[in-house]
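Encoded as structure tokens, the structure appears first; notes follow it.
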Amino acid sequence: MLGPSFRIVCRASSHAVASGIDMGKRDQEQLRRRRTVAKAWYQVWCSAMSGPYAEEKWRDSFKQTHPCCSGCARHLSEWGSVDAYVEEFPKNSCHNFVSPFLVDYVRRDVLACFTEEERHRGLHVGRLFDAGGAELTDFATIRGKHAITLRGGPESEHRLCRVCGEHVYFPIGATYLLPHSVASGEPIYEAHVGFVVNRAIYERLSQHRWKHLKLAPLPIRDKPRDGLDDLLL
Ligand SMILES: [Zn+2]
45 MLGPSFRIVC
55 RASSHAVASG
65 IDMGKRDQEQ
75 LRRRRTVAKA
85 WYQVWCSAMS
95 GPYAEEKWRD
105 SFKQTHPCCS
115 GCARHLSEWG
125 SVDAYVEEFP
135 KNSCHNFVSP
145 FLVDYVRRDV
155 LACFTEEERH
165 RGLHVGRLFD
175 AGGAELTDFA
185 TIRGKHAITL
195 RGGPESEHRL
205 CRVCGEHVYF
215 PIGATYLLPH
225 SVASGEPIYE
235 AHVGFVVNRA
245 IYERLSQHRW
255 KHLKLAPLPI
265 RDKPRDGLDD
275 LLL
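Just so you know, the sequence shown maps onto residues 45 to 277 in our numbering.
Right under this line is the structure:
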């Protein structure tokens with residue numbers, strides 16, 4: 045998942061140091077900062093197919109209580125923790141989402157990798173039930189309290205929604221962050237795909253070998269590669 049931009053930055057820097065090129069103090073400081081920042085954030089996502097489908101009655105009720113824009117499917121109101129009901133037991137992955145709503149869930153052992161403070165600051169946590177109303181106690185629904193936009197290359201999709209006027213953006217190509225996205229320094233951000241977490245959480249998660257749970261460093265670039273310089277996402 046390392047993008048070409050990340051590899052190029054690291055390779056060029058190593059070459060400069062190895063070949064003894066005399067770097068000015070300012071350059072060295074910039075390099076040090078870039079290395080530190082580049083390793084500070086990680087994307088966490090699920091590589092499995094979509095998760096279980098929502099149970100029919102709950103699906104209808106959720107649609108009523110959480111209406112979406114007809115032009116871009118964006119939720120029209122803020123919402124927090126949610127208790128979801130699914131048609132089938134979540135198999136094969138410890139993190140996925142309830143279709144068709146993109147309500148994320150994780151296994152509780154994954155959730156245990158977050159401290160109480162990190163969970164409180166970064167996540168709304170709810171419960172998951174089967175179609176008969178029995179709680180699936182090994183799982184919890186999660187929703188990030190802070191959204192973040194991963195940026196992509198020139199081929200990334202961008203438009204203004206014809207109904208609500210919001211930016212609709214989907215990164216294509218190697219993803220990265222812009223500095224303002226993580227300026228608030230929260231431990232967890234919700235992204236288009238999965239979550240972005242800080243290094244401390246990454247180190248705890250990476251001690252496990254969960255099937256389909258992917259972890260990858262996210263570089264931070266000063267300038268976007270998608271040509272959308274003025275887009276503050
Ligand atoms: Zn819209």
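Positions of the beta carbon are idealized from the N, C-alpha and C atoms, including for glycine.
Here the structure is a predicted model, which means the values were calculated and not measured.
- Bounds of the alpha helix (DSSP H) holding Glu100 are 100-109.
- For the 8 angstroms CB-CB criterion, Glu201 and Gly217 do not form a contact.
- Shown here for Cys112: same chain residues with a beta carbon closer than 7 angstroms to its own, the five before and five after excluded, namely Arg118, His119, Leu120 in chain order.
- By the beta-carbon neighbour count (other beta carbons within 10 angstroms, threshold 16), Gln108 is exposed.
- Taking 8 angstroms as the upper bound for CB-CB distance, Val142 and Phe183 are not in contact here, some 10 angstroms apart.
- Taken through DSSP and simplified to helix, strand or coil, Asp71 comes out as helix.
- Residue pairing for Val88: DSSP places it in a beta bridge opposite Phe239, Leu259.
- For Gly176, the closest alpha carbon among the candidates Thr193, Ala84, Val130 is that of Val130.
- Arg171 is a Cβ neighbour of Thr185, given a cutoff of 8 angstroms.
- Boundaries for Gly124: no beta strand (DSSP E) harbours it, and the DSSP string shows neither H nor E there.
- Here DSSP, grouped into helix, strand and coil, assigns Ile216 to coil.
- Annotated three-state conformation of Ser143 is strand, per DSSP.
- Per DSSP, the beta bridge partners of His211 are Leu204.
- In this structure, DSSP gives Ile232 an extended state, which the three-state scheme calls strand.
- In the DSSP assignment, Val226 falls outside any alpha helix (DSSP H), carrying neither H nor E.
- Distances from the CB of Gly115 to the heavy atoms of ligand 1 include at least one below 7 angstroms.
- For Gly170, the enclosing beta strand (DSSP E) begins and ends at 167-174.
- Taken through DSSP and simplified to helix, strand or coil, Ala191 comes out as strand.
- Short note on Glu210: C-beta closer than 7 angstroms to some heavy atom of ligand 1.
- Between ligand 1 and Val207, a heavy atom-to-CB distance of less than 7 angstroms is present.
- In the three-state reduction of the DSSP assignment, Glu247 falls in the helix class.
- In this structure, Arg118 has its beta carbon less than 7 angstroms from a heavy atom of ligand 1.
- Annotation for Cys90: Ser137, His139, Asn140, His256 place their beta carbon closer than 6 angstroms to its own, counting only its chain and skipping 5 residues before and after.
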